[in-house]
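The structure appears right after this line, and notes come after that.
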Amino acid sequence: NCAYECLHLVKAGRITYEQAVSALALVRREGVDLAAALSRHGLKPSNTLSRIKIGDLLLAGRVLTESQILEIVEKSIYGKQLMGTILVESGLISEKMLQELLLLQKFCERDVIDRQSAARLVKKSLECGRSIAVTARQTGAFRDDVDTTDSAINLIFKADLASMNMVQKAVAEYQLYGMDPLKGLLADGQISVCLSEAAVECVKLERRGVMSQEQAIQILHHCDRNRADFQTACRDLGFNVSEGQKTTTVKIAGPKCDLHKSAEFILLILVSLTTVVAVVYAGAVRPEPLGALAMPLAALLGMGVMALIAVCWKIRINNAESDRQSRNRDMEQNLSRLSRIQQKVNI
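Here this note's numbering is used: position 149 in the sequence shown is 140, and no number is missing along the way.
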């Protein structure tokens, strides 16, 4: 992918051939992304290069081979088409999977999840035959460390760098992924990864008695203002104490489950109609050699098939209900945690 991106930049006249070779050597030697490699040479192409591409996720998740990815990238560059469009049109992935991959790509870019974990999530979702969202929720891929993040969010509130409404909005937005508050703020772009990591570090130091709350707040403000990491912020302090935000109630709508559109429901209707027609026909014609037995046999056979289909449909309904209850439990736990955090802030 990096090689084709360099080729595209060379053809566009944004970098020279020698600069491209040097950047690729750096990518291979140190494992950095292309944007970082180019920036080390003082180059900043006008197009922003993503830290992770859809092709990277598909390749690492073993959805596509490297040769398939390279072929798609080449078509994307020379045909001036989006890579996702080519993937869907070629039948390699579905439109739904493309949308999930684009969202997962955004999560990677915002440091909600790392590249390796994202690739494992894609691979596992395919192995289980479930969507990425369901797989993420079941595996807890976007769970926070409860021991520290509640206090970290509380500290961010006290620094007035986020509000309870922002947290609730983020949790509601990504409820299908089972995303906890701190990661939800990251995914929603409400806070930076520098601020998130600094808040967790400050909480740990506060508990050890090494840092006061005032010092922690000044560090968070420095991180937020300058996009600096925790270590850098510790060298330049500033104070800004603020109040917590008032909480509001968020009602999360349950997921729609179109069971009337399922294959089992359609089969049940078709078999029911066929059974009715067969029973009427058998009663009227009484075909040989069954004669009078034709009608009850047709009815029994039809009811047997309908019973099997009904069992399958019931299983689907139970699974959908279980999934809905699981999401509701997650949301109740998150809202309960948010309520406890708000109480601490008000105190």
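Just so it is clear, CB atoms sit at the ideal spot from N, CA and C, and this is done for glycine as well. Predicted, not measured: the structure shown is a model, and the values here were computed from it.
Q: Apply the 10 Å Cβ neighbour rule to Tyr168 and answer buried if 16 or more other Cβ atoms are within range, or exposed otherwise.
A: buried
(Q) Mapping the DSSP letters down to three states, classify Leu211 as helix, strand or coil. (A) helix
Q | Buried versus exposed call for Thr140 [16 or more other C-beta atoms within 10 Å across all chains shown] | A | It counts as buried.
Q. Are the region 117 to 137 and the region 197 to 208 in contact at 8 Å, needing three or more beta carbon pairs?
A. no
Q | Status (buried if at least 16 other CB within 10 Å, exposed otherwise) for Gln222 | A | exposed
Q) Would you call the CB atoms of Lys123 and Ala153 closer than 7 Å? A) A quick correction: the sequence has Ile, not Lys, at residue 123. The answer is no: Cβ separation not under 7 Å.
Q.
Helix, strand or coil, according to DSSP, for Met157 in the structure here?
A. helix
Q) Straight-line CA distance for Ser13 to Glu21? A) Taking the straight line from one Cα to the other gives about 12 Å.
Q) Can you round the beta-carbon distance between Cys214 and Leu186 to whole angstroms, since I take them to be within the 8 Å contact cut? A) With a Cβ gap of about 5 Å, Cys214 and Leu186 count as contacting.
Q) Between Ala190 and Ala178, which are expected to be in contact by the criterion C-beta below 8 Å, what is the C-beta distance as a whole number of angstroms? A) With a Cβ gap of about 16 Å, Ala190 and Ala178 do not count as contacting.
(Q) In this structure, how does DSSP classify Phe133 when only helix, strand and coil are distinguished? (A) Coil.
**Q.** For Gly120, the three-state DSSP class (helix, strand or coil)
**A.** coil
Q: Determine the burial state of Leu264: buried for a count of at least 16 other Cβ atoms within 10 Å of its Cβ, exposed for fewer.
A: exposed
Q. Quick one: is Lys174 buried, meaning 16 or more other Cβ sit within 10 Å of its Cβ, or exposed?
A. buried
**Q.** Residue environment, Ile144, which counts as buried when at least 16 other CB atoms sit within 10 Å
**A.** buried
Q) Which residues bound the alpha helix (DSSP H) around Ala150? A) Where Ala150 is concerned, there is no enclosing alpha helix (DSSP H), because DSSP gives it neither an H nor an E.
Q | Alpha-carbon to alpha-carbon, Ala224 and Ile306 | A | 55 Å
(Q) On a Cα-Cα basis, can you pick out the residue from Gly180, Ile84, Thr7 that is closest to Glu100? (A) Gly180
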